[in-house]
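J.: Next up is a structure, given as structure tokens.
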Amino acid sequence: MSRFLHTKYSSLTPYDTSEEVESLKGYLRLNTNESPFPPSNNVIKYAREAARGMNYYSDPECRLLAEKLSSMFGIKPENIVFGNGSDEILNFIFMAFCENGAAFPEITYSFYKILADFHGVDCVRVPLREFRIVPEDYANMNGRTIFIANPNAPTGIALTLAELERIITSNPDSLIVIDEAYVDFGAESAVKFIESYDNVIITRTFSKSRSMAGARLGWCMTNEALARDIRNIKNTLTPYNINAMTQAAGLGALEDDEYTRKNINVICRVRDNTKNRLREMGFEVLDSLTNFLFARHEKISGGKIYSSLRKRRIIIRHFEEISDFNRITIGSPEQMQITLEVLRDIVSHETR
């Protein structure tokens, strides 16, 4: 670090992007939970048309997107705020609402801990029980903002709406942030709780089910007062945070919902087939409602499986600190067939 860096940032541990994008050209990338399918035709068409107006600033309120999502989810447009990916929304939430601290699972999306450290937020990390979030473990968090990824990452396991509601009702003085990045792959959205409770924020993203990870577009849905607070933070720091091409691309994706649903169905079918075939090879695989699987082999270390796949130009996400598990993104049927064949060969070689 330089001698000019503020001392409060000297011990930061940034999000690890060392095995993403440029370094993995030519690899089969099953490590970042991206969609194997390209964006829809409307996404490309609308973005191309929007490029003609790039001499003007983008709409800071993303009104066309807000109106479309409003009709899809049955909430007011003004109760929706957009971010440069849902990560930016999470950053705004940590800035605005974590004065009394934060709480989230010990094993979950790593960005929560990174943001807590960045903003100097005291956090409680709640252990999972058999890889599951237990609502009773979050009772009476004394005003801490609670972050629940549902389904959870990297485990892929989802809470029911009844379980989520128990967390909400046992914490009337805490804000409950429900991160629904993967909800489209089989879980049920908690958006209805926005009307019932004044302490709920739902975050969503276009990165996963809508094939737009490279566009960086996310949003949150909440009540009017909380939305106003988040919007004030956004407009103070970065009022034009969503560029015109991304806004147009997002609208195109929402108007191609049939394309999105078709791709989701394929991914879920391939996920379940991959899970069954991995179990036949001796893997323990958690039941996932996401576009990835969390798995470990009964006889081969997770590190060995990761390195063996990498030598064959297949990248997965290794979690050595989590009981030897690896996270495997679900790719196309052809990609998963290749991966399963390579894994079968690795298992046969290592267990003979």
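Taken in order, the sequence shown gives residues -16 to 335; the numbers are from the working numbering. Cβ atoms here follow ideal geometry from the backbone N, Cα and C, with glycine treated the same way.
(1) Could you spell out the range, first to last residue, of the alpha helix (DSSP H) harbouring T355?
(2) Confirm, please, whether the CB-CB distance from A86 to F130 is below 9 Å.
(3) Compare the C-alpha of G103 against each of G84, I225, T312 and name the closest.
(4) Going by C-alpha to C-alpha distance, which of R12, K(-9), K8 sits closest to H301?
(5) Report yes or no: do the stretch 160 to 179 and the stretch 218 to 225 share at least 3 C-beta pairs separated by less than 8 Å?
(6) What three-state label does DSSP hand M319 in the structure shown?
(7) Which residues in the same chain have their Cβ closer than 7 Å to the Cβ of L144, if we skip the five residues on either side of it in sequence?
(8) Please state the DSSP three-state secondary structure of H332.
(9) With H, G and I counted as helix, E and B as strand and the rest as coil, what does DSSP make of L14?
(10) Find the nearest neighbour of E71 within the set A232, R193, G201, judged by alpha-carbon distance.
(11) Could you check what DSSP says for M228 in three-state terms: helix, strand or coil?
(12) Can you give me the C-alpha to C-alpha distance between L48 and A99, rounded to a whole angstrom?
(13) Are the CB atoms of P88 and P110 nearer to each other than 9 Å?
(14) Look at the alpha carbon of S(-6) and the alpha carbon of F75, and state the distance between them as a whole number of angstroms.
(15) Pull up the distance between the alpha-carbon of D120 and that of V160, whole angstroms please.
(16) Does the Cβ-Cβ distance between N256 and M37 come in under 9 Å?
(17) Taking I151 as the reference, give the member of I184, P137, I283 with the closest Cα.
(18) Tell me the rounded alpha-carbon separation between N123 and L158.
(19) Tell me the residue span of the alpha helix (DSSP H) that contains E352.
(20) Taking DSSP as the reference, what is the three-state secondary structure of R327?
(21) Using the Cα positions of G197 and E317, report the straight-line distance between them to the nearest angstrom.
(22) Pull up the distance between the alpha-carbon of D181 and that of K96, whole angstroms please.
(23) Residues in the same chain with beta-carbon distance under 6 Å from T229, minus the five sequence neighbours each way, listed in chain order, please.
(24) How about S69 and S194: are their beta carbons less than 9 Å apart?
(25) From the DSSP output, read off the bridge partner residues of E267.
(26) Find the nearest neighbour of T243 within the set P137, N24, I58, judged by alpha-carbon distance.
(27) Under the DSSP definition of a beta bridge, which residues are partnered with A132?
(28) Out of T205, N14, E148, point me to the one whose CA is closest to F56's CA.
(29) Can you give me the C-alpha to C-alpha distance between R295 and N14, rounded to a whole angstrom?
(30) Do you know offhand how far P60's Cα is from E241's?
(31) A210: buried (16+ other C-beta within 10 angstroms of its C-beta) or exposed?
(32) In three-state terms, what does DSSP make of V26?
T.: Checking against the coordinates, here is how it stands:
(1) Because the chain spans -16 through 335 in this model, residue 355 falls outside it and cannot be assessed.
(2) Yes.
(3) When only C-alpha atoms are compared, the closest one is G84.
(4) H301 has its Cα closest to that of R12, out of R12, K(-9), K8.
(5) Counting Cβ pairs under 8 Å, fewer than three are found: no touch.
(6) In the three-state DSSP reduction, M319 falls in the helix class (H, G or I).
(7) Spatial neighbours of L144 in its own chain (CB-CB distance under 7 Å, excluding positions within 5 residues in sequence) are listed in chain order as E171, A173.
(8) In the three-state scheme derived from DSSP, where H, G and I count as helix and E and B as strand, H332 is classed as helix.
(9) In the sequence on display, residue 14 carries Asn and not Leu. Three-state DSSP puts N14 in coil, outside helix and strand.
(10) Nearest option by C-alpha distance: G201.
(11) Of the three classes helix, strand and coil, the one that applies to M228 here is helix, per DSSP.
(12) If I take the Cα positions, the gap works out to 30 Å.
(13) Yes, the pair counts as a contact, with Cβ atoms nearer than the cut-off.
(14) Straight-line measurement puts the Cα of F75 at about 21 Å from the Cα of S(-6).
(15) Taking the straight line joining both Cα atoms gives about 16 Å.
(16) Their beta carbons are not under 9 Å apart, which means N256 does not touch M37 by this criterion.
(17) Sorting I184, P137, I283 by C-alpha distance to the C-alpha of I151 places I184 at the top.
(18) Their Cα atoms are separated by approximately 12 Å.
(19) Any answer about residue 352 is impossible in this case: the structure gives the chain only from -16 up to 335.
(20) Reduced to three states, the DSSP call for R327 is helix.
(21) Rounded to whole angstroms, the gap between the alpha carbons of G197 and E317 is 22 Å.
(22) C-alpha separation (whole angstroms): 25 Å.
(23) The beta carbon of T229 is closer than 6 Å to those of A198, L200 in its chain, skipping five residues each way along the sequence.
(24) No.
(25) Beta-bridge partners of E267 (DSSP): R279.
(26) Of P137, N24, I58, the residue nearest in Cα terms is N24.
(27) Per the DSSP secondary-structure output, A132 pairs in a beta bridge with D162.
(28) Of T205, N14, E148, the residue nearest in Cα terms is T205.
(29) Straight through space, the alpha carbons of N14 and R295 are spaced by roughly 14 Å.
(30) Roughly 23 Å separates the two Cα atoms.
(31) Buried, because 16 or more other Cβ atoms sit within 10 Å of the Cβ of A210.
(32) Looking at V26 - three-state DSSP - the assignment turns out to be helix.
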